[in-house]
Structures are given as structure tokens and as C-alpha cells.
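Only one structure is covered here, and it is reproduced in the block below.
Residue numbers (the UniProt record's numbering): 1 to 318.
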């Protein structure tokens with residue numbers, strides 16, 4: 001019988017022969033003995049579920065650079081869903097031990113959704129090199145939708161998203177009216193509440209839930225995205241490798257605030273779990289706006305094509 005993570009209604013049972021004491025005298029599982037089952041819902045990629053348009057979201061873990069005392073961001077969990085919200089791939093990520101780096105996970109009280117037990121191989125986490133190969137295989141021929149997409153791209157090796165088509169729900173003019181803070185970029189949780197009328201990231205972040213919400217936001221204004229962001233392609237360089245320095249230890253208590261305008265601590269509230277999106281259930285608001293945007297699409301594209309810069313690139317709409 002598989003072990004279960006303890007909750008208010010059950011206890012975790014373990015065989016005595018599977019346990020040992022660590023250096024501090026605390027009980028732990030022996031190497032090679034599975035502890036908790038992974039919380040990832042689809043660690044084996046479902047390539048048969050890939051659609052031309054996919055959405056992805058990541059949660060982060062940290063590593064301390066001993067030479068500088070700073071922290072860099074790494075991918076802790078990556079989730080990819082298809083056009084209908086079905087999960088193609090979802091995995092926690094394990095990084096090997098490296099000289100000069102110390103692994104450090106965000107404080108549990110922040111509810112960022114990635115914890116020490118999640119990123120251990122014996123608990124079902126996948127090695128980073130394997131994750132990057134899978135993500136590349138899924139994303140390379142698709143339109144990739146993300147929220148603050150540059151933050152997710154930055155924690156992967158540059159080759160992973162090189163040349164992929166991208167859409168960013170944070171950059172749509174219609175959505176930017178919901179922005180808060182000095183950077184004037186909307187948070188995913190705010191858009192989900194205002195546009196979709198659902199609450200996400202209430203108690204704990206889930207990259208699956210966030211990816212589904214991102215896809216819903218894309219479909220809500222799909223025609224508009226395809227007019228304004230159809231030319232967006234990510235071209236990588238070694239300069240894209242994320243430095244991602246964060247003074248995590250300077251944070252007082254649990255009040256982190258914004259981490260590169262993407263990660264928010266979340267309010268205490270009931271979480272509305274997004275169901276899979278069914279093909280026939282496209283958001284009502286999209287239907288209401290689709291006719292207008294499809295009619296306007298050709299005219300806007302012709303205008304863009306006629307308004308080229310001297311270097312031959314298309315002018316980006318503000």
C-alpha cells in the first residue's frame with residue numbers, strides 16, 4: 001500500500017526497516033526508499049494531449065551562491081496544459097548537488113507550493129536535464145501561453161524555448177487596466193478574479209491551476225492575442241540564463257510582497273479549483289468579443305504590414 005502524506009484525517013505509516021536517524025537524531029527514510037508520493041499530477045508526459053496552443057506555468061525554488069551570499073531562482077515545478085485545460089506534463093524538479101551552491105526552498109508559510117520533500121528524487125521529482133528535454137519536446141512546435149512568461153523562460157537553459165512562439169497574458173492592453181503597483185503589470189490572481197470570477201493562489205500556489213487560468217485568460221481574448229502578439233517569438237542567447245538574485249533572508253516573517261512582480265503571498269480565502277476546460281465550453285465573454293476581433297483582425301494585420309520600420313521589422317502595438 002502506497003504511503004500517504006499525513007493530513008488531519010490520517011497518519012503516515014512506515015516500516016521500521018525503511019527508517020534511519022539523520023545527523024540530528026531525527027527519523028528519515030533510508031536512501032532509495034520512497035517517502036511521499038509525488039504531488040505532481042502528470043510526471044509522465046502525455047504527448048498525445050498536445051494541442052497547437054498550450055499554456056505553462058512554473059513555481060520556483062532557490063539556491064544560495066556561496067561566493068556572493070545571494071540567491072538564484074531555479075524551476076521547482078513546471079506544469080503544461082493543453083487548449084482544453086488537460087494536463088500534458090506536471091513535475092517537481094531535482095537539481096544535483098553542486099560545489100558553491102546551497103539549495104534553499106522558500107519558507108512554507110508563503111504557500112508557494114514547492115517544498116523540500118517535493119524536489120527529492122525518491123519522492124518522484126525528475127532531474128532538471130530530463131525536465132528540460134521534455135519541456136522542449138512539448139513546446140517547440142506549439143504556441144506557448146504564459147503569464148509574465150519571461151520569468152518562466154529565464155530559469156531554463158536558453159535552448160529550451162529558443163524559437164518558440166509565445167503569448168503573454170500579462171501584456172495584453174485590455175488586461176493591463178487591472179495592473180497594480182509601480183510596474184503597471186497585472187497579477188495572474190487579480191485577472192483570474194476580475195475576468196474569470198475565480199479565486200486562485202488563495203492558500204497555496206499550484207502551477208497546474210495557474211496554467212489553466214492562464215489558458216482561460218488567453219481563450220477569453222484569443223482573437224485579440226492573435227492580432228497583437230502573433231509576431232512574438234522567443235530567441236534565446238546565453239545572456240538569458242537567469243541570475244535571479246533575491247535577498248530571501250531579508251524578508252521579515254511571511255510578508256514577501258512581490259518577487260519580480262510575479263509571486264504574491266496570497267490571501268486567506270477559499271480556493272476555487274479550476275475544472276478541465278471542455279472543448280464546447282469556451283468562455284461566454286470570448287464569444288461576445290470574437291466577432292468584433294475577427295472582423296478587425298484583417299484590417300489590423302494589413303495596417304501592421306504597411307507600417308514597417310526601416311529595419312523591416314513590424315511595429316509593435318503599444
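No residue lacks a Cβ here, since even glycine has one placed at the ideal position from N, Cα and C.
When C-beta atoms of the stretch 110 to 124 are compared with those of the stretch 76 to 96, three or more pairs fall below 8 Å, so the two segments count as touching. Where residue 144 is concerned, the enclosing beta strand (DSSP E) starts and stops at 143 to 146. The alpha carbon of residue 55 has as its nearest neighbour, out of 163, 231, 193, 135, the alpha carbon of 135. A residue is called buried when at least 16 other Cβ atoms come within 10 angstroms of its Cβ; residue 130 does not meet this threshold and is exposed. In the three-state reduction of the DSSP assignment, residue 84 falls in the coil class, being assigned neither a helical nor a strand state. Non-local beta-carbon contacts of residue 180 in its own chain, meaning distances under 8 Å to residues more than five positions away in sequence, involve 186, 187, 190 in chain order. Note on residue 145: 16 or more other CB atoms within 10 angstroms of its CB, so buried under the neighbour-count rule. Boundaries of the beta strand (DSSP E) around residue 60: 53 to 65. Three or more Cβ pairs closer than 8 Å define a contact, and the stretch 40 to 57 falls short of that threshold against the stretch 192 to 202.
The three-state reading of DSSP puts residue 153 in helix, counting H, G and I together.
The distance from the Cβ of residue 211 to that of residue 124 is about 19 Å, inconsistent with a contact at the 8 Å cut-off.
Sequence-distant partners of residue 81 (beyond 5 residues in either direction) whose C-beta falls short of 8 Å from its own C-beta, in its chain, are 54, 55, 56, 87, 88, 208, 211, 212, 215. When beta bridges are read from the DSSP output, residue 103 appears opposite 63. The beta carbon of residue 132 sits closer than 7 Å to those of 156, 157, 160, all from its chain and outside the five residues before and after it, given in chain order. Rounded to whole angstroms, the separation of the alpha carbons of residue 165 and residue 37 is 34 Å.
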